[in-house]
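Respectively, the protein sequence lines represent chains A and B. Taking our numbering, I'd label the letters of the first sequence as residues 841 to 1106. Taking our numbering, I'd label the letters of the second sequence as residues 145 to 306. Note that beta-carbon positions come from the ideal geometry of N, C-alpha and C, so glycine has one too. Reviewing the structure listed below.
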Amino acid sequence: MKQSPNSQCLIPYILFLADSTLILSHRNSEWCGHGPILEQDIALTNIALDLLGQSRNFYQYAAELINEQQNLQDVKVPPSEGFREASEDSLAYLRNERDFKNLLLVELPNGDWGQTILKQFYFSTYQLYLFQQLQNHSNQQLAAIAAKAIKEVMYHIRWSSEWVIRLGDGTEESNERMTNAVEALKDYTNEMFIAADYEVEMAIDLKLIQQQWTEKVKTVFEEATLSLPEKVFNQTGGKRGIHTEHLGYILAEMQHLQRAYPNAEW
Amino acid sequence: MSEINKIRSILSKVTDPEVPVLTIADLGIIRDVIVNDEKIEVIITPTYSGCPAMDMISINIKLALAEHGYKNVTVKNILSPAWTTDWMSEEGKQKLKAYGIAPPNTKQAVCTPDSFQEEETVQCPQCSSFNTQLVSRFGSTACKALYQCNDCKEPFDYFKCH
């Protein structure tokens, strides 16, 4: 039986999961009204909505734990102005860039449609194998959120892998775009499998996830006539709050309203 | 009628704001009703993590009970066990079909990651033909996919198995 992780690790870990799903959701929502055809515009925004829902479940749980704790040192609870205690909203809207723990992969600009769907495929595949372990985790609330989300993730993988295959094994131009997308994202995938300090205690087998993830990507790439990248450099930092320049712009847009008009509702 | 049954019968008339032919009882999202003196706790489970109808459903539950004089009501969301379309009532599936939405197939192999390229056979809610094709995996809401019938040519929503 796995030991329950202590909250010093649990809270940052939940925030890592929450931030990663929120930021990818936000990136996907940028496609709303810009998709190549209406049906796919709707598909991607539906995926954004699923991810947003998952992030809300994680934030709500993190807020609950933060409020339970009196003297928390390693999680900065946002300023009390407007928000008397931590909530899903305060965690999403009032934390700064350095407090966000999302993967670098999800904050990268969308690029073209090929890059967007490849990013989604990479992330959904990671989520599937991670959630397969999390749904049996000793922490029951994490297990419940994962068991709920995994059914949604399944549809995201189906959708995104079909697109990887369609474009990879498509025209000369679509294949070239997918090849460029593989190149653009290649340094950002291994961060998923490199544990942050707080992740170690969660007793998740990242080696296994990496193996399953690589196998799945390989299978889909073979059908898509794409090659796995050979030399990669491991870009890391996101899990620790060290981000690319892109996250700041996302937060500026996403948080502007709550920062300018605290507690605004509509 | 006992208090709980009375409350359950009120709840059974609350509808889903996005698919108004279905009640929340048809959907199978009411997990429990707990009555403690004047306090009533209704426990529901979300269909999808990000389903925007859930907040509305909570409000509608409180409104419906308030109309019958129940003031002290809390609605609690629990995630586990995760909702599945297998909990949808037979009656609910019939209502969906009559409304023009193909009801969910029972959970099957297509919901597993390894069979991601297998297609489901979905019956047209208009002419009952099985000769239909997938247009998009996501329809007007996250819980639906878009199909078209090859026989009567009608496009239709399919409530995905989940």
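State the beta-bridge partners of serine 280 of chain B as determined by DSSP.
-> Bridge partners of serine 280 of chain B: B:Leu290.
Compile a chain-ordered list of the residues in the region 888-907 of chain A whose CB is closer than 8 Å to at least one CB of chain B.
-> The residues in question are Leu889, Asp890, Leu891, Leu892, Gly893, Gln894, Arg896 and Asn897.
Between serine 964 of chain A and the rest of its own chain, which residues show a CB-CB distance below 8 Å, the 5 nearest in sequence each way excluded?
-> Val993, His996, Ile997 and Ser1000
With distances taken Cα to Cα, identify the nearest neighbour of glutamate 928 of chain A among A:Arg938, A:Leu970 and A:Tyr901.
-> A:Tyr901
Residue-level contact to chain B via CB, asparagine 886 of chain A, 8 Å cutoff | Among the residues facing chain B, asparagine 886 of chain A is included, as its CB has a counterpart in that chain under 8 Å away.
Could you list which residues in chain A have their beta carbon closer than 9 Å to that of alanine 286 of chain B, in chain order?
-> Asn886, Ile887, Leu889, Asp890, Gly893, Glu992 and Tyr995
Euclidean distance between Cα positions of alanine 883 of chain A and valine 165 of chain B = 24 Å
Give every residue of the same chain whose Cβ lies closer than 6 Å to the Cβ of glutamine 973 of chain A, excluding the five residues on either side of it in the sequence, and list them in chain order.
-> Cβ neighbours of glutamine 973 of chain A beyond the five flanking positions: Ile1044.
Under 8 Å between the Cβ atoms of threonine 1065 of chain A and isoleucine 1034 of chain A?
-> no
Segment limits, alpha helix (DSSP H) that includes proline 852 of chain A = 847-869
Please work out which residues of its chain come closer than 6 Å, Cβ to Cβ, to glycine 922 of chain A, disregarding the five sequence neighbours upstream and downstream, and give them in chain order.
-> Unreliable positioning characterises glycine 922 of chain A in this predicted model, as indicated by a pLDDT of 46, which lies under 50. The coordinate reading is nonetheless provided below. Cβ neighbours of glycine 922 of chain A beyond the five flanking positions: Pro1102 and Asn1103.
Who are the near neighbours of leucine 1007 of chain A in its chain, counting only those whose CB is closer than 6 Å to its CB and skipping five residues on each side?
-> Gly954, Ser1014 and Met1018
Measure the C-alpha to C-alpha separation of glutamate 185 of chain B and tyrosine 214 of chain B and round it to an integer number of angstroms.
-> 11 Å
Between which two residues does the alpha helix (DSSP H) containing valine 186 of chain B stretch?
-> Unbroken run through valine 186 of chain B is the beta strand (DSSP E), 183-188; no alpha helix (DSSP H).
List the residues of chain A that alanine 226 of chain B touches, going by C-beta distances under 7 Å, in chain order.
-> Within chain A, the residues near alanine 226 of chain B are Ala987, Lys988 and Lys991.
Cβ-based burial, glutamine 913 of chain A [other Cβ within 10 Å; buried from 16] = Bear in mind that the predicted position of glutamine 913 of chain A carries a pLDDT of just 49, short of 50, making it unreliable; the figure below should be weighed with that in mind. In this structure glutamine 913 of chain A is exposed. Its beta-carbon is surrounded by fewer than 16 other beta-carbon atoms within 10 angstroms.
Residues of the region 179-210 of chain B with a CB closer than 8 Å to any CB of chain A: list them in chain order, please.
-> Pro190, Tyr192, Ser193, Gly194, Cys195 and Pro196
Are there 16 or more other CB atoms within 10 angstroms of the CB of glutamate 947 of chain A, so buried, or fewer, so exposed?
-> In the assembly as shown, glutamate 947 of chain A is a buried residue. Its beta-carbon has 16 or more other beta-carbons within 10 Å.
Which ranges does the alpha helix (DSSP H) cover as unbroken runs of at least 4 residues, wholly within the region 1009-1051 of chain A, from first to last along the chain?
-> 1012-1025 and 1037-1040
Quick one, are the C-beta atoms of asparagine 886 of chain A and glycine 1078 of chain A less than 8 Å apart?
-> no
Nearest to leucine 945 of chain A by CA position, among A:Asn868, A:Tyr899 and A:Glu879, is which residue?
-> Among A:Asn868, A:Tyr899 and A:Glu879, the Cα nearest to that of leucine 945 of chain A is on A:Asn868.
Output, in chain order, the set of chain A residues within a Cβ distance shorter than 9 Å of leucine 171 of chain B.
-> The contacting residues do not exist; leucine 171 of chain B stays about 15 Å from chain A at best.
Would DSSP call valine 219 of chain B helix, strand or coil?
-> Three-state result, valine 219 of chain B: strand.
Residue(s) in a DSSP beta bridge with proline 299 of chain B | B:Gln292
Under 7 Å Cβ to Cβ from isoleucine 851 of chain A, same chain only, skipping five residues before and after it: list those, please.
-> Ala902, Leu905, Ile906 and Val915
Would you call the region 298-305 of chain B and the region 262-269 of chain B touching, i.e. three or more CB-CB distances under 8 Å?
-> Three or more pairs of CB atoms, one per stretch, sit closer than 8 Å, so the region 298-305 of chain B contacts the region 262-269 of chain B.
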